[in-house]
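Below is one structure, written out as structure tokens; comments come after it.
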Amino acid sequence: MTDILPAKLEPAGALALPSGASAPTVAPLGVFGRPKTKTGWRSWVSTVDHKKIGIMYGTAAMVFLMIGGAEALLIRAQLWAPRQHLLSAEAYNQVYTMHGTTMIFLVVMPIGAAFANYLMPLQIGARDVAFPRINAFSFWCFVFGGLFLNSSWLLGGGADGGWFMYAPNSGVLYSPGHGIDFWNLGLIIAGIASLTGAINLIVTVLNLRAPGMSLMKMPIFTWMTLVTQFLLLFAIPVITCAQFLLLFDRQFQANFFNVSQGANPLLWEHLFWVFGHPEVYLMILPAFGLVSDMLPVFSRKPIFGYPFIVFSGVAIGFMGWGVWAHHMFVSGIGPVSVTVFSLTTMFIAVPTGVKILNWTATMWGGKLRFNAPMLFCIGLITMFTIGGLSGVTHSVAPADTQQTDTYYIVAHFHYVLFGGAFFGFIGGFYFYWPKVFGYMLSDKMGKWNFWLMLLGFNLTFGPMHILGLQGMSRRVYTYDANYGFEIWNKVATIGAFTLAASILLFIVNIFVSYAKSKKMEKPGPDPWDARTIEWMIPSPTPEYNFDPIPTVTQLDDFWYRKYGETEDGRLVRIAKTEDVTQPEHEAHVHLPSPSYWPIVTAFGLPVAAYGLIFSMWLALIGGLIVVAGIYGWATEHPDDPDAAHDVDHGPDGGHASGDDHDAVHDADAGDGDADSATDDEKEVAPVG
Amino acid sequence: MKRRSPLLMVFGTIVTIVVFALFAMMTWSAIKGNDGKPLTTLEPQGPFAQDIQGLVIPVFAIAGVVFIGVMGVVLFIAFRFRDRGDEETADEIPKQLHGKTWAELTWTIIPAVVLLVIGIATVTTLATLNAPAEANALHIKVEGQQWWWKFSYDNSNAAVGNGSFTDPEDVATADELVIPVGREIELSETSNDVIHSFWIPALNGKKDAVPGMITDWKLQADAPGVYRGQCTEFCGLSHGNMRMLVRAIPEDQFAVWMKNQQLPAKVPAAGSKEAAGETQFKGLLCASCHLIRGVNDAQVGSPDKGVKTQLVSGVAPDLTHFATRGTFAGAIFNSHYPNPTDGPTANQPFGQTCTVKGSSGTSDILGNKVDEKDLPACPQANQFDAFGIPYASAPGNPNNPPDKVALADWLRDPTKMKPMAPLPEENPYAGGRRRGMPNLKLTEEQIDQLVAYLNSLS
Chain A
1 MTDILPAKLE
11 PAGALALPSG
21 ASAPTVAPLG
31 VFGRPKTKTG
41 WRSWVSTVDH
51 KKIGIMYGTA
61 AMVFLMIGGA
71 EALLIRAQLW
81 APRQHLLSAE
91 AYNQVYTMHG
101 TTMIFLVVMP
111 IGAAFANYLM
121 PLQIGARDVA
131 FPRINAFSFW
141 CFVFGGLFLN
151 SSWLLGGGAD
161 GGWFMYAPNS
171 GVLYSPGHGI
181 DFWNLGLIIA
191 GIASLTGAIN
201 LIVTVLNLRA
211 PGMSLMKMPI
221 FTWMTLVTQF
231 LLLFAIPVIT
241 CAQFLLLFDR
251 QFQANFFNVS
261 QGANPLLWEH
271 LFWVFGHPEV
281 YLMILPAFGL
291 VSDMLPVFSR
301 KPIFGYPFIV
311 FSGVAIGFMG
321 WGVWAHHMFV
331 SGIGPVSVTV
341 FSLTTMFIAV
351 PTGVKILNWT
361 ATMWGGKLRF
371 NAPMLFCIGL
381 ITMFTIGGLS
391 GVTHSVAPAD
401 TQQTDTYYIV
411 AHFHYVLFGG
421 AFFGFIGGFY
431 FYWPKVFGYM
441 LSDKMGKWNF
451 WLMLLGFNLT
461 FGPMHILGLQ
471 GMSRRVYTYD
481 ANYGFEIWNK
491 VATIGAFTLA
501 ASILLFIVNI
511 FVSYAKSKKM
521 EKPGPDPWDA
531 RTIEWMIPSP
541 TPEYNFDPIP
551 TVTQLDDFWY
561 RKYGETEDGR
571 LVRIAKTEDV
581 TQPEHEAHVH
591 LPSPSYWPIV
601 TAFGLPVAAY
611 GLIFSMWLAL
621 IGGLIVVAGI
631 YGWATEHPDD
641 PDAAHDVDHG
651 PDGGHASGDD
661 HDAVHDADAG
671 DGDADSATDD
681 EKEVAPVG
Chain B
1001 MKRRSPLLMV
1011 FGTIVTIVVF
1021 ALFAMMTWSA
1031 IKGNDGKPLT
1041 TLEPQGPFAQ
1051 DIQGLVIPVF
1061 AIAGVVFIGV
1071 MGVVLFIAFR
1081 FRDRGDEETA
1091 DEIPKQLHGK
1101 TWAELTWTII
1111 PAVVLLVIGI
1121 ATVTTLATLN
1131 APAEANALHI
1141 KVEGQQWWWK
1151 FSYDNSNAAV
1161 GNGSFTDPED
1171 VATADELVIP
1181 VGREIELSET
1191 SNDVIHSFWI
1201 PALNGKKDAV
1211 PGMITDWKLQ
1221 ADAPGVYRGQ
1231 CTEFCGLSHG
1241 NMRMLVRAIP
1251 EDQFAVWMKN
1261 QQLPAKVPAA
1271 GSKEAAGETQ
1281 FKGLLCASCH
1291 LIRGVNDAQV
1301 GSPDKGVKTQ
1311 LVSGVAPDLT
1321 HFATRGTFAG
1331 AIFNSHYPNP
1341 TDGPTANQPF
1351 GQTCTVKGSS
1361 GTSDILGNKV
1371 DEKDLPACPQ
1381 ANQFDAFGIP
1391 YASAPGNPNN
1401 PPDKVALADW
1411 LRDPTKMKPM
1421 APLPEENPYA
1431 GGRRRGMPNL
1441 KLTEEQIDQL
1451 VAYLNSLS
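Respectively, the protein sequence lines represent chains A and B. Using my numbering, the letters of the first sequence correspond one by one to residues 1 to 688. Using my numbering, the letters of the second sequence correspond one by one to residues 1001 to 1458.
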């Protein structure tokens, strides 16, 4: 980068470009006109706005949740009684494989991505993510990967090897259908989404924070997003490599996992779990972040031990790389490996325990308001504790030889991922709904939602602990009458349908509350008396996020704009909410311009993937679409020269901030903006 | 502003009570509810399982205490520090406490110390469990394949064996592992196709059988009995139907059993139905895969027509002493009735379809709906009772009549009884080899003769 000029030296004017570059005059490739509209479906497919992308991530994840949930109900209906024949063995194996795959890759991870996309830039006071077009590309890769994966149902059946897809059972010899190819290619495409998203969000957190927001003043959700994205950055390449090996084996008769040619099937297990265990933490950490931000609001106290919470999250992120082989205690990895991984697994419970106790201490001495989000937070703390403790019981390797691959493990990870991640996400939905959509979800229905979910959740997954300890294997399509599994299976099935009803209630709440909201007062920027800066701005968030960008002086900056100490040390309100929030106004803030190229480029990937399965000609076409998309993208100016530009809306602290541009933009011309990474150095001294 | 909904409070209270009651019942079930649960991990019947239990109980106790502690503290805080909505304290803001280092260090160090204690106990137990096998251990090779287990005994040397499982005096059997009580059993596991996992919960934890690798494991039973197991690594279509059982019998009976197993198959009397069955066996596809020692050794081993060209796994159950086993087809069907009073009488019609009564109607064993309401019920798959599945330690088993219906049904159409992938033309990558037993489209007469023959192989 050369010739960096501070933005404020730029000539201001309606058509001024943010840099000295001259505008390209023709549309690249001559295919599309530059998208202009801000409403209608075109605005959604061409958007690069992190908020719209976040909403789309969330919506798509909810749709996939319906699919994955229906699969879960099929599983539970099949296991209602011994020797049921609702599903054949073949169908059951596909359904349970797709249930796990869908819930992990297409529901929990994307909900995390939805919050990261929508919320993280707001929490750090940014206008958008670092690479808005790549952000759109990530989202479309995820959607197309998910749709591609699920299209297998219509094209010969789903994958039938389990979400862990152990070799050699995943080879063509043992699974000659196309299900596993769909699984493999679909997840490779979704992996591109995660990887590009990870780089994008890491750069965003590191470079685009508001002035004064040093790392240790970031809200915890932003911290956990950062840790999560680093986990993705290193974990996704591992699974993608493994999947390419499987792809070569299945499509081109390579011998990576062919035992008769000397392969060792444990290679896949290692590669899968080197990805698979960090995966668990990257699913749970965003929810931990949300809880860490919500609990203080409803306790009216700051988070207890901010550095401990942050560093325990970072520690989990690091230690998460050293525990993968606890999925392989019985695979024959040798006693020394078993011992070492058993101990590392035990000790990852320490930072996890720290989080739970710090959350508890956050509530201690507070003035607790039990709104729906708070109930879900407490639900997470208690239910995740169960999942964490059952995790410790099978970190004890000898005990794990009895428990692994039984329903005890199914119970354990549902307490972690549903009781942990999902409770946190639903709480986050209730909490951030007004910020995103401008109306409150009914708190009363939210409470019904919580209690029904708590009931259904425990009825479903609690009994699985006992089923597992009493010998019921996982992944069996049926069981026999005289094993004593009937009663708890019946309870679990009843629970599953209760759980489904609670999810349904959440969806009903969305629509009912929307209908009612038209007659009700708008919630305003700060309905919860919250603490972090995303609550300074109008609800729903205006397109430009902040105007001006706030200068942050401390943790919980927004709260300290509202409250302060009197001379005698008493805490009092020092400002009305209206005086410290930003009013809604028509702002001509320069924002990244929308583009069709991300969706075009992403669309080429599933086309190529269908081609790899059905016809190499189609693969060629898909490849050409990707290349054309990248060409169009590269030659398109990141900022539409015809779009309105106005004076720079710098931070309220008075110095230039990171306006946000695509990397392409940064590369093709000396960007006029001060790099906000320097804000770390120019940190403003705390005043509160 | 604050409006409480009484209905919601009642519902919340009920849910809380139900959840706590559920956990109480689960605890009770884990401690007291293990009767009639043949696969339970909580009632160890041998030293290795006992060692594991010795870790499980204290670890669960610690976890239980922590769980109750956290629940108690959270509920207490929720009650004690709730916003009571009092007018006079409405403006009061709690002290903005940012943390207390001593508290945080305390609850970092205490769990670490507790885990250290658990860790030390774990390492010690691991050392015990991984110790080399005792000198007099019986060495058995365990081979998993879709969807049954093969067990080969190393008998070359009466005491310890010579490490080979193919000497003339070594024997191989399927589905049922017969072991002497009180003696350590050293297992060498491997697989002939995909990864399986061998698990007899009452005797030890599980160990994967990985193709191309040999994994070591040990078993020991303290008392005679039948100990059941289930393959626990997902191994494809019929994973749910891949079972095994261990029969622990006293040493003297084991010696009798072994001596009988070492004999070649019994030769049926000339002209009998059994002899006709033997002829059928040799003439049909059966003889390319299933070994009956002394009958078709050469054919099974033939490089052109033998089992290697017929099956992906390259091995099918040895039937030399089929009638001494109580189960067949991956230990999911009984080949004998468990109780002397059960079973067919002389006038029971032979060779008819049986039905399974499920909660959603009547079906055959695969789950296809059938209408015939008056057909007899299928033999309960994996029937379990207090007496265990019968076995024959010596030739002949007059007390437990053979279950001809189940075996005949199996021969009539195995794919109907157990999901398999037996058709080579369905899989272009299998090189014409099968996984599982195909429907040989036998006539009723052939089935009758084969059943008679198989049941004579004691």
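Here a beta-carbon is modelled for each residue, glycine too, at the ideal position from N, C-alpha and C. It should be emphasised that the depicted structure is a prediction, and the values quoted were computed from it without experimental measurement.
Exercise. Do Ala-210/A and Pro-550/A have their CB atoms nearer than 8 Å?
Worked result: yes
For this session: Note down the Cα distance separating Phe-248/A from Ala-1408/B, rounded to an integer number of angstroms.
Result: 44 Å
Problem set entry | C-beta contact flag for Ala-1221/B and Gln-1045/B at 8 Å | yes
Exercise. What first and last residue would you give for the alpha helix (DSSP H) that runs through Phe-413/A?
Worked result: 407 to 416
For this session: Give the secondary structure of Met-213/A by DSSP, where H, G and I count as helix, E and B as strand, and everything else as coil.
Result: coil
For this session: Could you please give the first and the last residue of the uninterrupted beta strand (DSSP E) stretch that includes Asp-1216/B?
Result: 1215 to 1219
Exercise. From Gly-13/A to His-590/A, what distance separates their C-alpha atoms?
Worked result: The pLDDT assigned to Gly-13/A is 42, lower than 50, so where the model puts this residue is not dependable; a value taken from the coordinates is nonetheless given after this. Between Gly-13/A and His-590/A, the C-alpha separation is close to 11 Å.
Exercise. Name the DSSP beta bridge partners of Ala-315/A, please?
Worked result: Per DSSP, none; premise fails for Ala-315/A.
Problem set entry | Cβ-based burial, Cys-692/A [other Cβ within 10 Å; buried from 16] | In this structure chain A extends from 1 to 688, so residue 692/A is not present and cannot be described.
Exercise. Between the C-alpha atoms of Val-172/A and Arg-250/A, what's the straight-line distance to the nearest angstrom?
Worked result: 6 Å
For this session: Counting only the same chain and skipping the five closest in sequence on each side, list residues whose C-beta sits under 6 Å from that of Ala-1452/B.
Result: Lys-1273, Glu-1274 and Gly-1277
For this session: Quick one: using the 10 Å Cβ neighbour count with 16 as the cut-off for buried, is Phe-1076/B buried or exposed?
Result: exposed
For this session: Count the other C-beta atoms from every protein chain shown that fall within 10 angstroms of the C-beta of Ser-502/A, then say buried if there are 16 or more, exposed otherwise.
Result: buried
Problem set entry | Bridge partner(s) assigned by DSSP for Pro-1180/B | Ile-1249/B
Problem set entry | Boundaries of the beta strand (DSSP E) in which Thr-1190/B is found, first to last residue | 1185 to 1191
For this session: Count the other CB atoms, across all protein chains shown, that sit within 10 Å of the CB of Asp-659/A; report buried if there are 16 or more and exposed otherwise.
Result: Because Asp-659/A carries a pLDDT of 42, less than 50, the predicted location of this residue cannot be relied on, and no value is offered for it.
Exercise. Rounded to a whole number of angstroms, what is the C-alpha to C-alpha distance between Thr-344/A and Gly-317/A?
Worked result: 13 Å
For this session: Assign His-1290/B to buried or exposed, taking buried as 16 or more other Cβ atoms, counted over all protein chains shown, within 10 Å of its Cβ.
Result: buried
Exercise. Quick one, are the C-beta atoms of Ala-1172/B and Asp-1297/B less than 8 Å apart?
Worked result: no
For this session: Would you give the residue range spanned by the beta strand (DSSP E) that Tyr-563/A belongs to?
Result: 563 to 565
Exercise. Which residues, taken in chain order from the segment 590 to 616 of chain A, show a beta carbon closer than 9 Å to some beta carbon of chain B?
Worked result: none
Problem set entry | Proximal residues, the segment 1226 to 1248 of chain B versus chain A, C-beta separation under 7 Å | Gln-1230, Thr-1232, Glu-1233, Phe-1234, Cys-1235, Gly-1236, Leu-1237, Ser-1238, His-1239 and Gly-1240
Problem set entry | Cβ contact check for the segment 1132 to 1151 of chain B and the segment 1232 to 1246 of chain B: 3 or more pairs under 8 Å | yes
For this session: Could you tell me which of Leu-185/A, Leu-155/A and Leu-119/A sits nearest to Leu-612/A, measuring between CA atoms?
Result: Leu-185/A
Exercise. Just reading off the beta strand (DSSP E) that Glu-71/A is part of, what are its end residues?
Worked result: Not the beta strand (DSSP E): Glu-71/A falls in the alpha helix (DSSP H), residues 50 to 78.
For this session: Leaving aside the five residues before and after Thr-204/A along the sequence, list all residues of the same chain whose C-beta is less than 6 Å from its C-beta, in chain order.
Result: Val-129 and Ala-130
Exercise. Contact check, Ala-1265/B vs Thr-1320/B under 8 Å by CB: the rounded distance?
Worked result: 5 Å
For this session: Report, in whole angstroms, the separation of the C-beta atoms of Ala-587/A and Asp-547/A, which I expect to be a contact under 8 Å.
Result: 5 Å
Exercise. Based on Cα-Cα distance, which residue from Ala-1270/B, Ala-1269/B, Asn-1334/B and Gly-1240/B lies nearest to Gly-471/A?
Worked result: Gly-1240/B
For this session: Tell me whether the beta-carbon of Ile-381/A lies closer than 8 Å to the beta-carbon of Val-1018/B.
Result: no
Problem set entry | His-1139/B - DSSP class collapsed to helix/strand/coil | strand
For this session: Please decide whether Arg-1082/B counts as near chain A, where near means a Cβ-Cβ distance under 8 Å.
Result: yes
For this session: Return the CA-CA distance between Lys-1032/B and Tyr-174/A, expressed in angstroms with no decimal places.
Result: 42 Å
Exercise. Once you ignore the five residues that flank Val-107/A on each side, which residues in its own chain have a CB closer than 6 Å to its CB?
Worked result: Ala-61, Phe-64, Leu-65 and Gly-68
Exercise. Mind checking if Ile-1185/B is an interface residue toward chain A, Cβ cutoff 8 Å exclusive?
Worked result: no
Problem set entry | Cα-Cα separation between Phe-275/A and Ala-136/A, rounded to whole angstroms | 25 Å
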